[in-house]
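Here is the structure we will look at.
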Amino acid sequence: MAENARPQGRRPAIQDQPSKPCFNFQRQGNCKFGDRCKFSHGIPGTHRGELPQRGRLPTPSSDKANIPGKRGEGKLREWKRLLVQGSLPARPSSEAVARFFQLGLELMDGDLGATQEAVKLLATEPGLSLIREMSDKHVQAAMVDGPSAKCWTFEVKPLFQVMTHPRVVDSAVLEQEVAAIFNFLLGVGGSRMTRVLGYTAQLVESWTTEPEASASRIEAIELSLAVLSKIMDCNTSSIVSRSVSDLFDSFAAFLDQESLPREDYSRLQASMYLEYIRLRLEVGGHIPALQNQTQVPIARESFVLQRDLPGHLSAEGPRHDNDHALITDIKILPTNEEIMSSRGEYLPTSDPSQWHFEGIRGRLDREFRLLREDTVGQLRDTVRETLELMRNPNHGPQRLSKLSVRTNTYDNATLVNLKLDRIGGLEILVRCHQPSMVHKMTDKKRKDWWMQSKRLQTGALVCILNAESSALFFTVSDSTMRERGDKKARRTGDQDMSSTPDTTPQCFTLSCNKTYLYVTLQLVDAGRHEIGKVLQWYGNKTSSLPQFLVEFPGILLASFKHTLEALKQMYEKPIIPFSNLLAPSGSDHPAASVDPPMYARKAGFTFDLKCLTNDETQLVMSPQRPLDAKQLATRSTLDSTQAAALINTLSRELSLIQGPPGTGKSYTGEKIIKVLLANKERAKIGPILCVCYTNHALDQLLEHLLDDGTEHIIRIGSRSKSERLQDLNLRTVVRGLDRTKSEKSGIFQVEEAIRNAVRDANASLEQLSASGSWRSVKQFLAAKHPSQHNELFGDGKDGWQVVNHSPENIVARWLAAAPPSQVPDRPLEALTQAQLSTMNAKERRRVHGHWLKKIRDPIILELQSSHRDYSRAIERRDRVRGDIDLRCLQQANVVGITTTGLARNLNLLRKLRSKVMLCEEAGEVLEAHLLTALLPSVEHAILIGDHLQLRPQVQNYELQSTNPRGQQYSLDMSLFERLVRPLRETDLRLPFCVLETQRRMHPSIAELIRATLYPNLEDADKVMQYPKVMGMKQRLFWLHHEYLETAATSNDPVNTSHTNTFEVDMTIALVSHLVRQGEYAPGDIAVLTPYLAQLQLLRRIMETMFEICVNERDLKELETLENHSVETALAARPPVSKATLLKTIRAATVDNFQGEEAKVIVVSLVRSNPDNRCGFLGTPNRINVLLSRAQHGMYIIGNSNTCKHVPMWSQVIDILRAKGQMGTSLELQCPRHPETPLAVSKPDHFLQFSPESGCILPCEKRLQVSRGLPSAHTWL
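For the sequence shown, the UniProt record's numbering gives the first residue as 1, with consecutive numbering after it.
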């Protein structure tokens, strides 16, 4: 019984075993008798002859019993004692080395501080010497007469497990030490790596392929590939190493021979490492090919256009200095050459056969180039057109093209001062002329104007231009002050930044000076070249070349920069899950079958669904044998299609759920998360990553999870508007976490490095500022050209001292007193040795410029060096802080983040090792954003959305699928849509689930989208019971009119945004009538319109009548639109209130109302013109959203003739006409006299026929209107 109670895999201590070794265990690494064997299975003696020769992997279960150590001694103390042996002249024994590595492995899962200390010590010379002893001596000895398994079991394997432990490879604090260890293992020319991994490969080859030995083989393969992949990360030159390629081929062959099933977890992990190494080797293989490859004519069918490839692959050569075949070489913002280039950019189409790279790298290349063209491309074209206007100012006012973005230009941009701030980095104080509209304002009005204006806000993208095509991009620093008492501005400790207090004002704000504004800027790309240009500008303040500051108020740099940078990172290291589904190779792809998530493929794994059941009874499901959806639906709160979606999601590694309007997409997602969290420990999935495109959608999702009882939620990002989530923000949570000694030490060291770099840089800046002074010139000439110094500044002879009463004017007088030129100009080399008095005016200017350049160049080099030190210290500080953030996130159940925030924090989240990623509204997210969310650790991706609702927003119409010219690019097609409804029949199509029961709209409203888009859509019982709309005869009606729209303004920032004044008045009259019924609470009524200009017009009038609520995304766009107009900017109107008071009317554009709903919706279609142009209102996706927001009632105001030629609108119009729900007059209803006809067709009719939202008939009773509103009926 005692033997039966002993844990399996453990043997008695060495003193209880016979001294004689087991021959089978020595030779093969295992024994069929196991623990019952009467011979020893322990470590043999130190004699080399007793080493096991060939066989299977021995188990290391008895290593502690056989390797000597002091009982009761702390592991770290014992480990340090063994470390000392690495520094002694005598070589350590193999047992000591084995014990050292085994103790190191045990330390990895203990105290974090001890782990960090152990790794740091391992990277020192004593620790590396033990690795050297193992690799150079013990491994070589193990290869005698064939590879021995003992060295692998007790030395190599524990070392590999230490080196690949998450606490080691994911730590920023240990970054340098980890790189040192892996590079040491690589060895000179890869010799040490080849020896150790070659030994492992031979050992794996020597083991039998029987099933019982497969686990040992696959473990060795997986560990070796993990080490090899990390070596390639730490040493880029290894991607072109022949030895790495040979090792890759060997392990790939072993993996193919494995007898374990392909879905085995360890085998899948090894396959992932193998695929990553293959892709990295592929990158290395392209390096010489790309340098020498020439464009080869390709035979194409006549219907396929030949395309000019990028960079040197182009038949005509690169377009400019930022045109490259590899996206990793492309700068995010345009270069000067790119701005002025006349050749069109290379833009990959949606056809993979035309790409210059195949597979996932080709997909990343396409998404990067198209996203950059959609954002940076318009910026580039605008800068080019602005430069042309600057060069030709006499050609009269010219209008920028429609594809250009709006700009604000400020004249006479002058660099006032430059400093390196500890928090803000390199900050440039620039002075410009005030905008023309504020020149004549009083001080108070100018201050108020700037405080209300959205110009030059923190983070705004600006560009410094001059007529020589020089462009530098900056963002507005948060230390910019709008007025002297601006509390929002970050204080720099030296806020005035002035180096010339006698000539410049001491108040450096946007509003204090009536002539000039002062703005603080930061370089977007603080590279060596860009910093050099800024320093040259700073050192040469007397340049006569005019500079202009151009602001791009419609462009938010953070919205695309981080995503583009993330795509470049992924392209360089393409470890992307589901690559075979996202970018399959070949051309013909039938409908694919999708495997279960990798974590769910372990033998015997099942999902526990008890948390979903109504009675909390046991319910389990195997991913290989899914439940019946009806069974789950009857035992839970899910309907049958929601249950089917959940079951299929648990059974597919890449799950797609289509949720038509009102079908409970969010609810289904919450239940999926609930199941995954209930199985979190068993599946070892880590925190679930919840990703949304907007902050509003993310807040809603996380709040719903809180309502459902989910705990340990962390939200990343500072733009949450939810008070409930404030204390769950990562920045708040991390304050309560204690730092380890290594972290404290690391932060102290980098902060000290930052302070030193700032001090050195600012000292050099002071030197650079004074570099043009007469003293600097005098010192330079005295040191480098003493004869010219004596001639210019005078040198006493024979004991006489020359006195200059105005030494500061000596250089200026010399420059001005040049004699007329009599001979041709001499070369600069001759001038540096010539007498100053013999130089003409042009020569004096040249030699003076040469002096200044020689003075400034060394200072600029020092500044660039100091800034480089500062940047490196900042990056290291961020990585150390990232380690602290990571420890917080690892304790979370759910981590919520936007797609932009995820790209910004990509390095941090990669270390989190989340295995599940869920994205809501995936149909509205650009593919580029979703690709960045597919972290290397993700094994289960869940995309919930609806490709029939709004598509991703794309700024450039030339890239949109709705444009005939843009169909070839279709940038606005999301990854979700591409997978469920691909463009070509031969493209891969994935299975997806559809939710079919809607719980939002009254059936009469739902019929509009059921008949046009969702034939299987069903109505839940509750929507049948909705009450009628108070004050209205019908709940659904289209009021047709033929009043023409107002012409679009000439300087519209959103292309051609339109207005219709009749619809504005009619909408306001109808909303007023509904509010006066007293039945609708704040937020129950919403006004929707397709156009931002119409929303602006509605807002102006409605905010004087009601306290309205505007969607946050619309509010930002409105502010941009309003500040474009001088009149709007000058008019001080009451701000839009986001609070819901007595009667809140929500107003939004259609594009920003997806995912929202209201009891009553009033729609203003706007478009009404003789040409029957309906604009982007003709797309079914937008029509779908417009028609599916209302719960109880919907009223459409518009000209049906304008849109009846659109197929979907034509169907809707036919349905409404057939039911008598369309006409030229709208019927109201008096609550006291419901049969009284009240037909209105003009705004004035509401006051004529329903003055107080009742009727005009005498009545003996005053209406009992709730909520304190006036009577809604005439009193008799």
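Note that CB positions come from ideal geometry on N, CA and C, so glycine has one too.
The C-beta of residue 1035 has 16 or more other C-beta atoms within 10 Å across all chains shown, which makes the residue buried. Annotation: residue 514 is outside any beta strand (DSSP E) and is labelled neither H nor E by DSSP.
In chain order, 431 place their CB closer than 6 Å to the CB of residue 516, counting only its own chain and leaving out the 5 sequence neighbours on each side. For residue 1194, the enclosing beta strand (DSSP E) has its first and last residue at 1190–1198. About 5 Å separates the CB atoms of residue 663 and residue 998; that is less than 8 Å, so the two are in contact.
The three-state secondary structure of residue 691, taken from DSSP, is strand. Uninterrupted beta strand (DSSP E) stretches at least 3 residues long and entirely within the stretch 399–461 occur at 408–410, 414–421 and 425–433, given in chain order.
Within the same chain, Cβ atoms closer than 8 Å to the Cβ of residue 1027 are found at 1192, the five residues on either side in sequence being excluded. Residue 200 counts as buried, since no fewer than 16 other beta carbons sit within 10 angstroms of its beta carbon. In this structure, the straight-line span from the alpha carbon of residue 630 to that of residue 224 is close to 47 Å. For residue 706 and residue 1000, the gap between their C-alpha atoms comes out near 22 Å. Note that the C-beta distance between residue 1023 and residue 1162 is not below 8 Å. Taking 4 residues as the minimum length, the alpha helix (DSSP H) runs contained wholly in the stretch 953–1013 are 975–980 and 1003–1010, in order along the chain.
Annotated three-state conformation of residue 945 is strand, per DSSP. Under the three-state reduction of DSSP, residue 1159 is assigned to strand. Cα atoms of residue 275 and residue 658: separation of roughly 31 Å, rounded to the nearest angstrom. About 6 Å separates the CB atoms of residue 596 and residue 653; that is less than 8 Å, so the two are in contact. By a beta-carbon distance limit of 8 Å, residue 974 does not contact residue 989. Their separation comes to about 15 Å. A direct Cα-Cα distance of roughly 6 Å separates residue 1041 from residue 1198. Residue 175 and residue 758 have their C-alpha atoms some 24 Å from each other.
Rounded to whole angstroms, residue 1032 and residue 568 show a C-alpha spacing of 57 Å. Across the set 868, 281 and 390, the C-alpha of 390 shows the shortest separation from the C-alpha of residue 468.
Residue burial is scored here from C-beta neighbours: residue 712 has fewer than 16 other C-beta atoms within 10 angstroms and is therefore classed as exposed.
Between the C-alpha atoms of residue 336 and residue 377 there is a straight-line separation of about 13 Å.
Listed in chain order, the non-local C-beta contacts of residue 967 below 7 Å within the same chain comprise 961, local neighbours out to five positions each way being set aside. In this structure residue 714 is in contact with residue 895, their Cβ atoms being roughly 5 Å apart against a cut-off of 8 Å. Excluding residues up to 5 positions away in sequence, 1005, 1008, 1009, 1194 and 1212 lie with their Cβ nearer than 8 Å to the Cβ of residue 1187 in the same chain. When secondary structure is reduced to three states using DSSP, residue 522 falls in the strand class.
When the beta-carbon positions are compared, residue 405 and residue 456 stay at least 8 Å from each other. Here residue 748 is exposed. Its C-beta has fewer than 16 other C-beta atoms within 10 Å.
Contact check for residue 1164 against residue 1240 fails: the beta carbons are separated by 8 Å or more. By the Cβ rule, the stretch 761–773 counts as touching the stretch 849–864, because three or more pairs are nearer than 8 Å. Straight-line spacing of the CA atoms in residue 703 and residue 121 works out to 46 Å.
Inclusion of residue 941 and residue 934 in the CB contact set at 8 Å is warranted, their separation being smaller than that value.
Distance from the Cα of residue 558 is smallest, within the candidate group 525, 338 and 1180, for 525. With a threshold of 16 other beta carbon atoms within 10 Å, residue 643 meets it and is buried.
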